[in-house]
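Data first, discussion second: the structure below is written as structure tokens.
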Amino acid sequence: MLSQFQRQEISGKDRAFRLAPLSFALSGGATVFHAQCKRAGKRSDRAGTELVSNDYGDRHVPPRTLAGATILQIVPALHEEPVARTAVDVAHALLQSGARALVAAEGGPLADDLRAGGGEWVPLVNARANPFKLRTCGHMLERLIASERVDIVHAQSIGGAWGANMAASQIAVWLVTTLPDIPATSGLRAYWASALARGDRVVTPSNFAAAPVMKRFGLPRERLTLIPRSIDTATFSPGAVDSTRIDGVRQSWRVSPSQRIVLVPGRVAPWNGQLILPELARMLLDTGMRDFVFVLAGEHQTYRRYATFIAEQARTRDVGPSIRFVGHCRDMPAALAAADTVLVPATEPPVLGRVVAEAQAMGRPVVASNVGMLPEHMVVPPEMPEEVRTGWLAEPGDAAEFARALTNSFSLDTTAYRAMSARARQFAEYMFSPRSVAVATRAVYTSLLARDD
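With my numbering, you'll find the sequence shown wraps up at 453, consecutive numbering, no jumps.
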């Protein structure tokens, strides 16, 4: 079955010179920077066996495998955030292959985790997207790459990507970049994010994130590798949540043992689409569905008028008891374990599609909007066979489609439900586990070092 879930791994021959000019007015006056490949021949030698020199007088034989290679990742900071956590996981995977793993970032609690596993933290205060500090960041990275004999730089932030592009125009080094989950749409923001499209290999968390970048900057598909964001599949695991935690969550929500829970995670906000719930509840009740409750587990004070309007609509449609606002949940694994189905009715592409991945990791069927990267985080027809389905998709705002999907979920008998639960968990482990994502990222580095072009 897992062969049907295989991640898209794209390799290719195209190399892109980082030629786009970079112009910013700096504090000392209007200074024009040109991130050009003045020594492009140096980088082309990375794939050969010739000695490669840099401006510091060193001569370095580039390795063809990870064993003995030095990999530098650039992230904004080592706080407990998805990008930083992934960087630490990748560093540990690199060390297992005999590589040296450096992470340049502002400090944070994950620095200790990095060093505990053998990785090295390099303080870099200019890794964030600050156009007025790019020259400093570029010079720092250039010196770091030369002194530490770095073979591959992986920039996972916009500011870090600009600095890495500047450094790579002066020193022979492979450059990998990672696209953000939501592509920039405005002209200025898109130009600012264009540095992330200039890697020798570009990692994208989804096809949704890659499509506009490919169109705007002419990024060839063969330079892309699709690797989704990781989630903590150890914490979000059915076996990690005991019945006491589940019972505690249900009691705090005032849900009776006989009621089926449709969990709607996330802040109550217009773009998350919870306004559809009163109409959806009415449709289900009119078809004879009973003993279900929509639990809105998310902060609902910021957009209080929106939450109030949802409650008013629920009263108007006489479905008030079927919709429950429970506020922010501190124990999301238990919340997902308590749910029968997880509903994600977003009307706009979510910044992170983590909730869909986490729900499947907990073995829960998902009903989600067909928007953004959400369809890519599920196994649904027609892209995949019916027998491997892990949930249902509906068009944003279409209550009738959501009602049909929920009816299908409610109609699963015990055997079918358990089978879908097992598939969802298996899919999540394969696609989103830290180990899976780290190994896939490591494979990108391996393919670059082995290239012959």
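Backbone N, C-alpha and C fix where the C-beta goes; we use that ideal spot for every residue, glycine too.
Put simply, the backbone Cα of HIS92 is about 43 Å away from that of ARG254. Contact between LEU124 and ILE171 does not hold, since the beta-carbon distance rounds to 16 Å and is not under 8 Å. In this structure, the beta-carbon distance from VAL268 to LEU296 falls below 8 Å.
Exposed is the label assigned to PRO220, since fewer than 16 other Cβ atoms lie within 10 Å of its Cβ.
Put simply, the backbone Cα of LEU188 is about 12 Å away from that of ALA195. With contacts defined as CB atoms closer than 8 Å, TRP392 and ALA346 fail to qualify as a contacting pair. Sequence-distant Cβ neighbours of ASP113 in its own chain, meaning closer than 6 Å and more than five residues away, are VAL88.
Under the 8 Å Cβ criterion, the segment 280-289 counts as touching the segment 405-419, having at least three qualifying pairs. HIS92 is bridged by DSSP to nothing; it lacks a bridge partner. Within the model, the alpha-carbon separation for ALA339 versus ALA419 is close to 16 Å. Measuring C-alpha to C-alpha distances from GLU299 to each of ALA314, PHE325, ILE276 identifies PHE325 as the nearest. Excluding its 5 nearest sequence neighbours in each direction, GLY363 has C-beta neighbours in its own chain below 6 Å: PRO238, SER421, ALA424, ARG425, listed in chain order. Here the C-alpha atom of THR65 lies approximately 6 Å from the C-alpha atom of LEU449. Rounded to the nearest whole angstrom, the CA to CA distance from VAL371 to MET384 is 18 Å.
DSSP, reduced to helix, strand and coil, places SER230 outside both helices and strands of the structure shown, so it counts as coil. Exposure of ASP318 is indicated by the presence of fewer than 16 other C-beta atoms within 10 angstroms of its C-beta.
Runs of the beta strand (DSSP E) spanning 3 or more residues and lying entirely within the segment 347-418 occur at 366-369, 391-394, in chain order.
Residue environment analysis places PHE132 among the exposed positions, since fewer than 16 neighbouring C-beta atoms fall within 10 angstroms of its C-beta. The Cβ neighbour count for HIS328, taken over all protein chains shown within 10 Å, is under 16; the residue is labelled exposed.
In this structure, DSSP gives GLU106 an extended state, which the three-state scheme calls strand.
By the Cβ rule, the segment 239-247 does not count as touching the segment 431-448, because fewer than three pairs are nearer than 8 Å. DSSP, reduced to helix, strand and coil, places TRP253 outside both helices and strands of the structure shown, so it counts as coil. Ranked by Cα distance from PRO180, the first of ARG115, MET378, PRO350 is PRO350. With a minimum length of 3 residues, the unbroken runs of beta strand (DSSP E) contained wholly in the segment 171-238 fall at 174-178, 201-204, 224-226. When DSSP states are grouped into helix, strand and coil, PRO321 belongs to the helix group. Beta bridge pairing from DSSP links LEU296 with VAL264, PHE325. For GLN73, the enclosing beta strand (DSSP E) begins and ends at 70-77. For SER147, the number of other beta carbons within 10 angstroms of its own is below 16, and it is reported as exposed. The Cβ atoms of VAL367 and THR390 lie no closer than 8 Å to each other. HIS154 has GLN73, VAL176 as its beta-bridge partners, per DSSP.
Under the DSSP definition of a beta bridge, LEU343 partners with VAL367. Contact check for VAL153 against VAL122 fails: the beta carbons are separated by 8 Å or more. For VAL125, there is no enclosing alpha helix (DSSP H), since its DSSP letter is neither H nor E. Pairing VAL90 with ARG442, the inter-Cα distance amounts to about 7 Å.
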